[in-house]
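In this note's numbering, the protein residues as written are 383 to 501.
Here is the structure we will look at, set down as structure tokens.
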Amino acid sequence: MLFDALQRREQAASTAPGAGFAIPHARLSGIERPVTVFTRLRSAIPFGAADGIPVTCVLVIIVPKNGADADHLTMLGLVSALFSAGDFRKRIAVASDVVTAEAAFRTCISTLVQKAHVD
Numbered sequence: 383m384l385f386d387a388l389q390r391r392e393q394a395a396s397t398a399p400g401a402g403f404a405i406p407h408a409r410l411s412g413i414e415r416p417v418t419v420f421t422r423l424r425s426a427i428p429f430g431a432a433d434g435i436p437v438t439c440v441l442v443i444i445v446p447k448n449g450a451d452a453d454h455l456t457m458l459g460l461v462s463a464l465f466s467a468g469d470f471r472k473r474i475a476v477a478s479d480v481v482t483a484e485a486a487f488r489t490c491i492s493t494l495v496q497k498a499h500v501d
């Protein structure tokens with residue numbers, strides 16, 4: 383069910399913004415809040431990114447089927463900004479373990495949220 387939802391979304395258009403990152407996302411019934419899973423692949427895979435660079439970093443986002451569209455779009459916007467940040471991409475590319483990767487996510491997300499409140 384999850385794979386089918388992600389595959390349907392990917393068939394509509396690639397969820398790889400470029401620079402070796404992909405953000406596959408889908409709506410799924412049976413969950414009450416968003417779920418994310420990050421993985422860094424050992425081997426790059428083609429993902430249809432506009433820049434043609436194969437993907438090595440994947441952040442899967444699953445949101446409730448009946449969740450608010452605005453929340454889903456806000457989350458996608460934040461993640462897109464995160465993956466656009468060169469500092470984040472560098473930190474996540476060299477993260478040697480889960481703790482370091484999680485720290486990169488937390489620090490960079492916090493910076494983006496603070497910046498949004500200032501702007």
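Every residue gets a Cβ at the ideal spot worked out from N, C-alpha and C, and that includes glycine.
- Boundaries cannot be given for A395, as no alpha helix (DSSP H) includes it and DSSP labels it neither H nor E.
- Here the alpha carbon of L423 sits roughly 30 Å from the alpha carbon of D451.
- Spatial neighbours of V419 in its own chain (CB-CB distance under 7 Å, excluding positions within 5 residues in sequence) are listed in chain order as V442.
- Within the DSSP secondary-structure output, L441 pairs in a beta bridge with F420.
- A direct Cα-to-Cα measurement between L494 and I413 gives close to 27 Å.
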